[in-house]
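Residue numbers (my numbering): -1 to 333.
Note that beta-carbon positions come from the ideal geometry of N, C-alpha and C, so glycine has one too.
Comments concern the structure below.
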């Protein structure tokens, strides 16, 4: 089937770009409340599933052993800007396990955020692995290994016992079988698995409600979601969309982006979970999609709905500040 156009970008009075996508909303039991496009399509969640990947850190007792609070757990689920506070906290996490940046296997890169990149260029000769947007997640991986007794060396590999633990956790949440056949390599070098979009949404619903999960996993799941909602800056950073969504309705929304147009969100109080994929990989379109579908979950004409719809439908301005067009969701998502 052909996925519908979910987002349009205008210039003047013409549609300049149209983005096709697939989206699903499920309740706490996994029942489909809304769907658009082929929700059985397997997609790579990429960074959208970092909260799932952080489960061994909490379930093993490592988070408690190293005294991690909400900020550390949020960073373990993050794709951060590499701002000073992010880098310092990742280093602190590693130091509590007796490790440093040399243990990280995520690689190094300059920040993707312009303001942070300029700051880094002025203050650094070159970035380290701590500046990688995934350094919080990888610091969590290293800490989990050290506490459990796994050798951290090679922790990014498919056959490492930590990755086997993560694979098992994700299977229990999404209901998908994960293995070599649906495995790719993520930008930070760990395995990433293609799962049906509906299963991805259901996995986050399970994390929010604990339905069908063992008590330890249910508690760990909710603890991670709550930490991210409590400390949204550490999930992404200044002006980032994940952070802005969670700040728009404090304590009510968990949201996490992934590369190539994937976005997931859940309302823990109700267990309602959303997953979207922009077919062409556009982050701009995925952001509009997730904001519109979140807006559907709030009372009509409420301040929460208005705030979220303003993030879904917004104007574009050129370098002189002139209004040149708009990003808008179609009636497929919010009629």
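Apart from the five residues just before and just after residue i, which ones in its own chain have a Cβ nearer than 6 Å to its Cβ?
i: residue 289; result: 306, 309 and 310
i: residue 51; result: 164
i: residue 373; result: No answer is possible for residue 373: it lies beyond the span of the chain, which begins at -1 and ends at 333.
i: residue 327; result: 5, 286, 290 and 310
i: residue 146; result: 58
i: residue 303; result: 293 and 296
i: residue 325; result: 7, 286 and 312
i: residue 334; result: No answer is possible for residue 334: the residues shown for the chain start at -1 and end at 333.
Please go through the same chain and pick out, in chain order, the residues whose beta-carbon is closer than 7 Å to the beta-carbon of residue i, but skip the five residues on each side of it.
i: residue 40; result: 180, 192, 193 and 194
i: residue 36; result: -1, 1 and 20
i: residue 241; result: 230, 231, 233, 234 and 235
i: residue 142; result: 54, 55, 58, 60 and 160
Consult DSSP for residue i and reduce its assignment to one of helix, strand or coil.
i: residue 170; result: helix
i: residue 305; result: helix
i: residue 12; result: strand
i: residue 241; result: helix
i: residue 288; result: helix
i: residue 250; result: coil
i: residue 294; result: coil
i: residue 45; result: helix
i: residue 271; result: strand
i: residue 222; result: helix
i: residue 7; result: strand
i: residue 22; result: strand
i: residue 228; result: helix
i: residue 40; result: strand
i: residue 17; result: strand
Residue range of the alpha helix (DSSP H) that residue i falls in?
i: residue 278; result: It is not in any alpha helix (DSSP H) - residue 278 carries neither H nor E in the DSSP assignment.
i: residue 57; result: 53 to 57
i: residue 70; result: 68 to 74
i: residue 63; result: 60 to 63
Can you give me the C-alpha to C-alpha distance between residue i and residue j, rounded to a whole angstrom?
i: residue 91; j: residue 235; result: 18 Å
i: residue 313; j: residue 257; result: 23 Å
i: residue 295; j: residue 221; result: 23 Å
i: residue 38; j: residue 274; result: 12 Å
i: residue 27; j: residue 272; result: 13 Å
i: residue 322; j: residue 276; result: 23 Å
i: residue 45; j: residue 172; result: 15 Å
i: residue 254; j: residue 262; result: 5 Å
i: residue 154; j: residue 215; result: 22 Å
i: residue 136; j: residue 95; result: 13 Å
i: residue 156; j: residue 162; result: 7 Å
i: residue 86; j: residue 107; result: 16 Å
i: residue 129; j: residue 9; result: 36 Å
i: residue 55; j: residue 132; result: 15 Å
i: residue 103; j: residue 247; result: 35 Å
i: residue 284; j: residue 100; result: 35 Å
i: residue 83; j: residue 116; result: 16 Å
i: residue 150; j: residue 144; result: 7 Å
i: residue 225; j: residue 167; result: 19 Å
i: residue 125; j: residue 118; result: 8 Å
i: residue 12; j: residue 122; result: 44 Å
i: residue 114; j: residue 79; result: 7 Å
i: residue 205; j: residue 267; result: 12 Å
i: residue 212; j: residue 73; result: 25 Å
i: residue 259; j: residue 281; result: 5 Å
i: residue 62; j: residue 299; result: 42 Å
i: residue 47; j: residue 317; result: 35 Å
i: residue 175; j: residue 16; result: 33 Å
i: residue 315; j: residue 14; result: 15 Å
i: residue 207; j: residue 49; result: 15 Å
i: residue 203; j: residue 77; result: 21 Å
Determine the extent of the beta strand (DSSP E) in which residue i is found, giving its start and end residues.
i: residue 324; result: 321 to 327
i: residue 30; result: 30 to 34
i: residue 265; result: 260 to 265
i: residue 312; result: 312 to 315
Kindly list the residues whose CB is nearer than 8 Å to the CB of residue i, restricted to its own chain and excluding five residues on each side of it in sequence; keep chain order.
i: residue 182; result: 42, 189, 190, 191 and 192
i: residue 31; result: 23, 24, 25 and 270
Runs of beta strand (DSSP E) wholly within the region 86 to 136 (minimum 3 residues, chain order): Here no run is fully enclosed.
I'd like the ranges of any beta strand (DSSP E) spanning at least 3 consecutive residues and lying wholly in the region 133 to 216. Correct list: 181 to 183 and 189 to 191.
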